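Notes follow the structure.
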Ligand SMILES: NC(=O)c1ccc[n+]([C@@H]2O[C@H](COP(=O)([O-])OP(=O)(O)OC[C@H]3O[C@@H](n4cnc5c(N)ncnc54)[C@H](OP(=O)(O)O)[C@@H]3O)[C@@H](O)[C@H]2O)c1
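Residue numbers (the numbering used here): 61 to 356.
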């Protein structure tokens, strides 16, 4: 499995396992979570993607209950903060909102460390751009959590280039990635400037919901795309989903797909995507099916 260096101290596996749906699994026992992480590690997938809000602010604790010191040392933990929804520890919030204040970021880091029973977060992301952000306050809070050693690196999620520039302009630490939605079902970032921006700056973006959150396998409107994916999958002896992920891996921006299956058999095959060959014409063939028309 390829690894991607995000700065001098942080390297992630090219494929990342996402834990948004961890609490939706019928089995959230420590043993089952350890089996899921073990299946990832067997394939060289060492990076686990979390967020404070996942599972109604409970998914970090589910992971923490499964982490032995030995296991923790073999993985990188990404987590996120700034979404405050009126559930769990924020049940008293009057309205769902974003909070990028220093007090919230520092408190959220403490919660994440405590719930996951870890002494540092490898990568902390601001989950959503905050239209009420004081970039000086947020930027210095992110610098502060890195300086304290509680967080190794910082980045953002769902940011547009101008949101990134605003925050970065008030920081000493370099933001290392932006986790955005990218897939054959959500391909606008290839042409709306998002991927171009990160490609130009040499920052590999992370791609959430690379299989459209499962819609790739179900939506009636995607039948022709599924046929095209299946043909390539049969030639290369993998599942259709692996081809959809390989479509992202083939792009020169060095995208890191974040996969969210809860199914242990599927987790064991996430790494198949790394073996799939996608040349330029194949890339455009799939893009054509995703667009529903040939390119101009
Ligand atoms: N930064 C953000 O704002 C943000 C937003 C959303 C997600 N994320 C991150 O991205 C990760 C991945 O998101 P995601 O879970 O939506 O990604 P995904 O990998 O695109 O979708 C996973 C879903 O697809 C289903 N699936 C996978 N393979 C399938 C197959 N062969 N047939 C039928 N269904 C299949 C899974 O069901 P099974 O479980 O049954 O396999 C699961 O429900 C999350 O865990 C989270 O870490 C970040």
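Positions of the beta carbon are idealized from the N, C-alpha and C atoms, including for glycine. Every value quoted in this text rests on a predicted model; they were computed, and no experiment measured them.
DSSP bridge partner residues for residue i (one or two, in chain order)
i           : result
residue 140 : 185
residue 76  : 107, 318
residue 217 : 239
residue 157 : 144
residue 63  : 73
Coil, strand or helix - residue i by DSSP
i           : result
residue 116 : helix
residue 212 : strand
residue 71  : strand
residue 147 : coil
residue 267 : strand
residue 81  : coil
residue 134 : coil
residue 177 : coil
residue 196 : helix
residue 204 : helix
residue 127 : coil
residue 89  : coil
residue 162 : helix
residue 355 : coil
residue 152 : coil
residue 225 : helix
residue 102 : helix
Euclidean distance between Cα positions of residue i and residue j
i           : j           : result
residue 299 : residue 102 : 19 Å
residue 76  : residue 353 : 31 Å
residue 239 : residue 320 : 14 Å
residue 209 : residue 331 : 31 Å
residue 113 : residue 255 : 26 Å
residue 170 : residue 153 : 19 Å
residue 281 : residue 273 : 15 Å
residue 64  : residue 326 : 23 Å
residue 211 : residue 175 : 15 Å
residue 165 : residue 137 : 17 Å
residue 96  : residue 324 : 6 Å
residue 227 : residue 70  : 20 Å
residue 284 : residue 251 : 22 Å
residue 178 : residue 338 : 39 Å
residue 295 : residue 349 : 18 Å
residue 234 : residue 79  : 25 Å
| 4 or more residues per run - each alpha helix (DSSP H) lying fully within the stretch 270-344 | 283-296, 300-309, 324-327
| query | Which runs of the alpha helix (DSSP H) fall wholly inside the stretch 230-261 and span at least 4 residues, in chain order? | reply | 254-261
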